[in-house]
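Printed below as a string of structure tokens:
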């Protein structure tokens, strides 16, 4: 039989996190209804974006460049996220860890050069 008491702090953390997140979501709504500040009108319930009424269909097609820039951001953001733990553990991984990260960075630089040459980073 496995001793599950070691997982009690994790379970306690999850219960506290669920309770706090529920309180942050539902408590302001309840206080708003009880204090009388909840007075919906047609203007308050209308959809708007950035303070302006919607003037197009919300399902209109976006330019592919928006998605491409988002994907490139995620790729290079993950690169930065991988660099910090690598730098901290470089003493333990040694030359093999250093070489592996240099190969990873080389591949990212090649991808960056390709995206630059193709014009993925240009905006009209």
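In this note's numbering, the protein residues as written are 6 to 129. Beta carbons are placed, not taken as given, at the ideal position from N, Cα and C, and that holds for glycine.
Cβ neighbours of residue i in the same chain (closer than 8 Å, five flanking residues each side left out)
i	result
residue 27	none
Contacts around residue i, its chain only, beta-carbon distance under 6 Å, and the 5 residues preceding and following it disregarded
i	result
residue 73	125
residue 91	106
Cβ neighbours of residue i in the same chain (closer than 7 Å, five flanking residues each side left out)
i	result
residue 79	none
residue 37	43
Three-way DSSP call (helix, strand, coil) for residue i in this model
i	result
residue 100	helix
residue 89	helix
residue 82	helix
residue 43	coil
residue 105	helix
residue 25	helix
residue 128	coil
residue 117	helix
residue 52	coil
residue 67	coil
residue 37	helix
residue 10	helix
The segment 64-84 contacting the segment 41-54, beta-carbon criterion three pairs below 8 Å | no
When the Cβ atoms of the segment 101-116 are set against those of the segment 30-47, are three or more pairs found closer than 8 Å?
-> no
For the segment 80-95 and the segment 111-118, state whether three or more C-beta atom pairs, one from each stretch, are separated by less than 8 Å.
-> yes
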